[in-house]
Amino acid sequence: METERAVQVWSGWFEEFFASMARVFGRVDRRRTAVAYLKALIAPIERKNGWQIAEHVGHASPERVQWFLSRSTWLADQLRDCVRSFVAAHLGRPDGVLVLDETAFLKKGTKSAGVARQYAGITGQVENCQVMVFCAYATDTGRALIDREAYVPAVWTKDAERCRDAKIPRPRAREVVTKPELGRRMVERCRRAGVPFGWVAADSLYGQDRKLRAALERRRIPYVMAVPADETVVTHGTGPLRADALAKRVPLRFERRSCGTGTKGGRRYDWALAEVTWPGGTENDGPRRGFVHLLLVRRSISDPSQTAYFAVHARTGTPVAEIIRVMGLRWAVEDCFETAKSDCGLDHYEVRTWDAWHRHITLAMAALAFLTVTATRTDTSGELPPPAPAGQDEEPEIPEKGAVTGSWAS
């Protein structure tokens, strides 16, 4: 009886979930295929490719699945918007963090859209692969992928015929758009869509891009982004210095804190902050009114020579613990990639064209969003978790203890 009840509850949740995006698919036949495809992505199937999905839903061949991805009429971007709205409605909080990162999909051959010999983070070396930049939404209680942008390398933008064969849209086929710029576009879409978030976080590929950081600062969006050791900063009483040199020359006050829980327990490090500016003679020279630029230094407890550096743009008075919390949530996107690939078939596709690739990826994002939201349930009430409460218009009162009110060099 308990198992039957659980199945009924799950089915009710799924119907409510799919109702929020059914309009994307239009006709009844496309809706039915979409439902079957999403359920297959969530099901315990070893490989979620065309053949195995077709077998799971009872089709004699993968033709209908292939048609749904490659030739039917529906827009992956509309589905993306629905996934983003669903996640924001159920997980959204004013202190939510948008995390930018990319992942590679290893591929053979040269026909798949955007495939090329390029760096693949999943192996740490140059591989034949496709690369897509993602935006994850993360809070202390849940995380999901809410946007994506494919990276088109130069070997494609220089070959118009190849782009036409892979059906890459003309604007994207004309010039290389950097990964940080793709990330900026996704943050802007979230902002315009009213997604509640308080921060942007990213690794050093994005953190060292001054254009991205300047764009966020123009929008008064706080961020915590990793930067390399040779990132140039200026602090009171010094000229331009590398980040690692500043950490050695300027006495910093370190304190031991956890930035979250990992597979082996709390991730504890020694942390220090120094108020800095970014040199360069641009509008990004100094922080906006009411904000500060900071360099966050993370030092290993077991090996103090192991350090990492983060550029921070925060409101004056932001508690140190909040900055460290945001830095810790940066790893949420890795959790999303792992779960989406292992449980939702994010990398199981066998398609070549631009639209088919984006459709499968976005459906996998939808499957992950459903699993994430339903996982927050602790009972079988038969209803999806209620939408998260809307944020208040007023700024929250910032406690003074441990707040960033000036230079952290001591």
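Sequential numbering of the sequence shown, starting at 0, is according to numbering that gives the first Met the number 0. For glycine and all other residues, C-beta sits at the position ideal for the given N, C-alpha and C. Nothing here was measured: the structure is a model prediction, and the numbers come from that model.
In the same chain as Cys81, and ignoring 5 residues on each side of it, the C-beta atoms closer than 7 Å to its own belong to Ser19, Met20 and Val23, in chain order.
In this structure, DSSP gives Ile52 a helical state, which the three-state scheme calls helix. Just measuring C-alpha positions, the residue of Ala363, Arg358 and Arg324 sitting nearest Glu337 is Ala363. As the crow flies, the alpha-carbon of Lys106 is around 11 Å from that of Ala119. By the 16-neighbour rule on beta-carbons within 10 angstroms, Lys210 is exposed. Within its own chain, the residues whose Cβ lies closer than 6 Å to the Cβ of Ala246, once the five positions on either side in sequence are excluded, are Val296, listed in chain order. Remark: C-beta atoms of Ala339 and Leu370 do not approach each other more closely than 7 Å. According to the DSSP assignment, Cys189 belongs to the alpha helix (DSSP H) that extends over Lys178 to Arg191.
Phe133 has Asp100 and Arg147 as its beta-bridge partners, per DSSP. Closest by C-alpha distance to Phe309, out of Val350, Arg142 and Leu293, is Leu293. Rounded to whole angstroms, the Cβ separation of Asp346 and Arg142 is 18 Å, and the two are not in contact under 8 Å.
In this structure the segment 222-230 lies against the segment 240-258, because at least three pairs of beta carbons, one per stretch, are closer than 8 Å. Counting other Cβ atoms within 10 Å of its Cβ, Ser111 reaches 16 or more and is therefore classed as buried. Counting C-beta pairs with one atom in each stretch, the segment 197-205 and the segment 82-101 have three or more that are closer than 8 Å, which means they touch. Annotation for Leu181: Val132, Glu148 and Tyr150 place their beta carbon closer than 7 Å to its own, counting only its chain and skipping 5 residues before and after.
No Cβ-Cβ contact shorter than 7 Å links His357 with Ala33.
Taking all protein chains shown into account, Asp158 has fewer than 16 neighbouring C-beta atoms within 10 Å of its C-beta and is therefore exposed. One alpha carbon belongs to Ile167, the other to Thr138, and they sit about 34 Å apart. Contact between Val319 and Val223 does not hold, since the beta-carbon distance rounds to 12 Å and is not under 8 Å. By the 16-neighbour rule on beta-carbons within 10 angstroms, Gln129 is buried. In the displayed model, Phe290 falls within a strand according to three-state DSSP.
As DSSP reads the structure, Gln77 sits in no beta bridge.
In this structure, the straight-line span from the alpha carbon of Ala115 to that of Gly108 is close to 9 Å. The Cβ atoms of Ala135 and Val332 lie closer than 7 Å to each other. Restricting attention to Thr234, Val325, Ser60 and Cys189, the CA atom closest to the CA of Thr260 is found in Val325. Its Cα nearest to that of Trp155, the residue Val175 stands out among Ala35, Asp146, Ala374 and Val175.
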